[in-house]
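Single-structure report; data block below.
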Amino acid sequence: MSNSPMTPGIAPARLDADQIAQNFDDLHAPYDGHEAMVAADRCYFCHDAPCITACPTEIDIPLFIRQIQTGTPDAAAKTILSQNILGGMCARVCPTETLCEEACVREMAEGKPVEIGRLQRYATDTLMEKGVHPFTRAAATGKTVAVVGAGPAGLACAHRLAMKGHDVVIYDAKPKPGGLNEFGIAAYKSTDEFAAREVDWLMQIGGITLELGKALGDGLSLSDLRADFDAVFLGIGLGGVNALHAEGDERDGVGDAVSFIADLRQADDLTKLPVGRNVVVIGGGMTAVDAAVQSKLLGAENVTIAYRRGRENMSASQYEQDLAASKGVRIVTHAQPVAIHGNGAAGEVEFEYTTSENGGLKGTGETFRLSADQVFKAIGQTLEGDVEGLTLDKGKIKVTDAGRTSQGGVWAGGDCAMGGDDLTVTAVAEGRDAAEDMHKALMA
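Per my numbering, the very first residue in the sequence shown carries number -8; after that it's consecutive.
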């Protein structure tokens, strides 16, 4: 996609630096000590707490909240991090409103849950700001493991393996580690370069070497890794972008939302990042919301999310949908793209109204157009990279048990593997659990 200021309608500096800074400030201000104590006081400290079951990493939530309440946030952080080593980022980006907080007894009784995510952030930030790493390595085992992918699954796997005494090499295709935490999360959810700081903190465990600029099929082969290491974990994510299959999708101004978010996250000066006057985002997930909201925050005048099914089918949570609406983003449902019109560059997107029939989707024949000088595709991603004979299931690596693939000595987890919810917290759980299974296999 051409984001050049010469592309009609796409230009940088629609807002001044002060307004941009204000727009991209922390979405949720962190608690101070007193606020955390007051929030912790609302917890009932349930026996068999439903919030624990609702957390993919099964953090003992009542325990860590009790530890905050008793004035020991460092202990609370260790409780969190023992289950979720990326608990700081998850506190910022997890859809807690549909996970732990939705299951909170306070939510069910009063309609206002304990703010578990913000309490988790308070505890982990308190510990990390001290530069303290609460875990130490076990004695060296002499075993070596290759982890491909420095995203949440790979990092969680590598950290747990290093704790067990194994030597780990993490490979990643990008110039920086972090995966979607670094390149794919909205900037207002992860401020002050938190993703990079969290990786640096995680690496304090020792025993982990990071090698960047290497990917399967480009500097790495699975067969060589299997020969050179005692075990391999694949956390390569989904690098490809699904095709739009609409006429004119090659026009200037048409691109994918993932790349737009990555460019935004890595930009040194957001006033220099070009954005359209009329932006249309096609899709219904978290990526679509992140791209749409950030377009609005950069100064786009009209931003629309267009989704082919109903709101109830959107994978973006109701909270995320409401956030988009609060920022002035319009959401249009039951609309599938037919064509992108324009003279060289995008000018309009033509949609056809849809209806659901017996679980399927059917076009009605009725169409409409939206002005659009910038169009972002947020319609899902596909597996990229040479997985050399691994069995796939619906375009992802097939796994059994704790991430075991069809090849001995190779595990996988995160977005590239079948199952899961394509969430940071789920990826962390899968990387952690794979590491535990790998350790048992290595020490057998």
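Quick reminder that beta carbons are idealized off the backbone N, C-alpha and C, glycines included.
What separation, rounded to the nearest whole angstrom, lies between the Cα atoms of residue i and residue j?
i	j	result
residue 428	residue 384	21 Å
residue 423	residue 407	15 Å
residue 249	residue 179	16 Å
residue 118	residue 193	12 Å
residue -7	residue 1	In this predicted model, residue -7 has a pLDDT of only 42, less than 50, meaning its place in the structure is not dependable enough to derive any value.
residue 147	residue 348	42 Å
residue 398	residue 381	7 Å
residue 302	residue 89	16 Å
residue 364	residue 170	29 Å
residue 122	residue 152	21 Å
residue 159	residue 323	47 Å
residue 418	residue 426	12 Å
residue 245	residue 141	29 Å
residue 45	residue -1	47 Å
residue 205	residue 297	36 Å
residue 292	residue 319	9 Å
residue 165	residue 395	25 Å
residue 438	residue 128	Residue 438 lies beyond the stretch modelled for the chain, which goes from -8 to 435, so this question has no answer here.
residue 430	residue 24	39 Å
residue 3	residue 353	39 Å
residue 437	residue 310	Because the chain in this structure spans residues -8 to 435, residue 437 falls outside the shown range and cannot be described.
residue 308	residue 330	28 Å
residue 327	residue 30	44 Å
residue 17	residue 186	14 Å
Taking residue i and residue j to be in contact with their CB atoms under 8 Å, please state how far apart those CB atoms are, rounded to whole angstroms.
i	j	result
residue 58	residue 70	6 Å
residue 37	residue 21	That belief does not hold up - the Cβ atoms of residue 37 and residue 21 are roughly 25 Å apart, past 8 Å.
residue 145	residue 161	6 Å
residue 110	residue 56	6 Å
residue 225	residue 139	5 Å
residue 189	residue 28	With 8 Å as the limit, residue 189 and residue 28 do not qualify as a contact, their Cβ atoms being about 25 Å apart.
residue 290	residue 6	4 Å
residue 332	residue 345	Contact doesn't hold; Cβ gap of about 20 Å is too wide.
residue 284	residue 314	7 Å
residue 134	residue 433	5 Å
residue 256	residue 336	25 Å between Cβ atoms; not a contact.
Name the one or two DSSP bridge partners that residue i has.
i	result
residue 8	Answer is none; residue 8 lacks a bridge partner.
residue 362	339
residue 354	345
residue 389	Partner(s): none; residue 389 has no beta bridge.
residue 2	266
residue 445	Examination of residue 445 is not possible in this model, given that the chain is present from -8 through 435 alone.
residue 321	295
residue 430	Per DSSP, none; premise fails for residue 430.
residue 225	139, 403
When we look at the beta-carbon of residue i and count the other beta-carbons within 10 Å, is it buried (16 or more) or exposed?
i	result
residue 304	exposed
residue 75	buried
residue 172	buried
residue -5	Confidence at residue -5 is low in this model, with a pLDDT of 44, below 50, so the placement of that residue should be treated as unreliable; the coordinate-derived value is given next. Residue -5 should be labelled exposed.
residue 351	exposed
residue 263	exposed
residue 286	buried
residue 281	buried
residue 360	exposed
residue 102	exposed
residue 269	buried
residue 157	buried
Is it the case that the CB of residue i approaches a heavy atom of the ligand FMN more closely than 8 Å?
i	result
residue 15	Only the bare structure without any ligand can be found here, which leaves the ligand FMN out of the picture.
How about residue i: is its C-beta nearer than 9 Å to some C-beta of chain B?
i	result
residue 309	Structure shown: chain B not included; a single protein chain is present.
Quiz item: At which residue ranges does the region 89 to 120 contain complete alpha helix (DSSP H) runs of 4 or more residues, listed in the order of the chain?
Solution: Runs of the alpha helix (DSSP H) inside the region 89 to 120: 91 to 94, 96 to 101, 107 to 119.
Practice problem: Write down every uninterrupted run of the alpha helix (DSSP H) in the region 146 to 209 whose length is 4 residues or greater and which is fully enclosed by it, in chain order. | Solution: 171 to 174, 185 to 193
Exercise. Mind listing, in chain order, the continuous alpha helix (DSSP H) runs of no fewer than 4 residues lying wholly within the region 13 to 39?
Key: 24 to 31
Quiz item: Can you list the beta strand (DSSP E) stretches of 3 or more residues lying completely in the region 227 to 278, in chain order?
Solution: 245 to 247, 269 to 273
Quiz prompt | Inside the region 368 to 425 only - beta strand (DSSP E) runs reaching at least 3 residues | solution = 401 to 403
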